[in-house]
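Anchor point for the sequence shown: position 6 equals 5 in numbering that gives the first Met the number 0, and the numbering is continuous, going up by one each time.
To start, the structure under review is shown below, and the notes come after it.
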Amino acid sequence: MPNKMKRINCDCNIVEILKDLSIFSLNQIRKCSNTACQKQFATITFPSLLFNFKDEKISELQTLTDKYDRFEANEKHCTEDNCKGNIIYEKISNNMLFIAISCENESPIPNEIKNCQLGDIPNFLRIGEKLLYLRGTIGYYPPLLNTRAIGHYVGFAKRSNIYWEVS
0 MPNKMKRINC DCNIVEILKD LSIFSLNQIR KCSNTACQKQ FATITFPSLL
50 FNFKDEKISE LQTLTDKYDR FEANEKHCTE DNCKGNIIYE KISNNMLFIA
100 ISCENESPIP NEIKNCQLGD IPNFLRIGEK LLYLRGTIGY YPPLLNTRAI
150 GHYVGFAKRS NIYWEVS
């Protein structure tokens, strides 16, 4: 294969493809809520934000991201001697953010699609101090019932914050 090209298995989901390509869009930093604590925690990298939608709408993406962006775990305490602080989890975005959304479907019809209107997708998201413009989305269409197909991915690119184009 030519330089900088990598063959990947696309029979999996987008998160697995990002892992195969070693693309990570978030770093999770854990720290102690006690500013005097010297405890050092490891940084964890994630290929994407992963949301499981049940009744949420894509237009609520910023609200959901805010809840996920930074939180203090009151039930997880720092292990440093005499610290008594709580662990804070903070997500810091790289220059590109990938968001994977899984839709819970309680429909009696298998493979029923939970539809999303492209116009409902926000133009940007704020993650911490960064303002990220959403420029693309990939939709998955499951296979028809009683077929051996594996489904189909379709990409859409946002052009000038005005319209979506199939890519």
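Backbone N, C-alpha and C fix where the C-beta goes; we use that ideal spot for every residue, glycine too.
Remember, it's a predicted structure, so these values are computed and weren't measured experimentally.
Assigned with DSSP and collapsed to three states, Lys18 falls in helix. Looking at Lys157, Pro142, Asn85, the one whose alpha-carbon comes closest to that of Gly150 is Pro142. When the five nearest sequence neighbours on each side are left out, the beta carbons in the same chain lying within less than 8 angstroms of the beta carbon of Ser24 are those of Leu17, Phe45, Pro46, Ser47, Leu48, Ser92, Asn93, Met95, Leu96, Phe97, in order along the chain.
Your pair Ile126 and Thr34 does not check out as a contact, with CB atoms roughly 23 angstroms apart and the cut at 8 angstroms. When the alpha-carbon of Lys90 is set against those of Phe50, Arg29, Ala148, the nearest one is in Arg29.
Asp68 sits buried, since 16 or more C-beta atoms from the chains shown fall within 10 Å of its C-beta. Counting along the chain, Gln27 sits inside the beta strand (DSSP E) bounded by residues 25-31.
The residue among Ser58, Lys38, Lys66 with its C-alpha nearest the C-alpha of Thr78 is Lys38.
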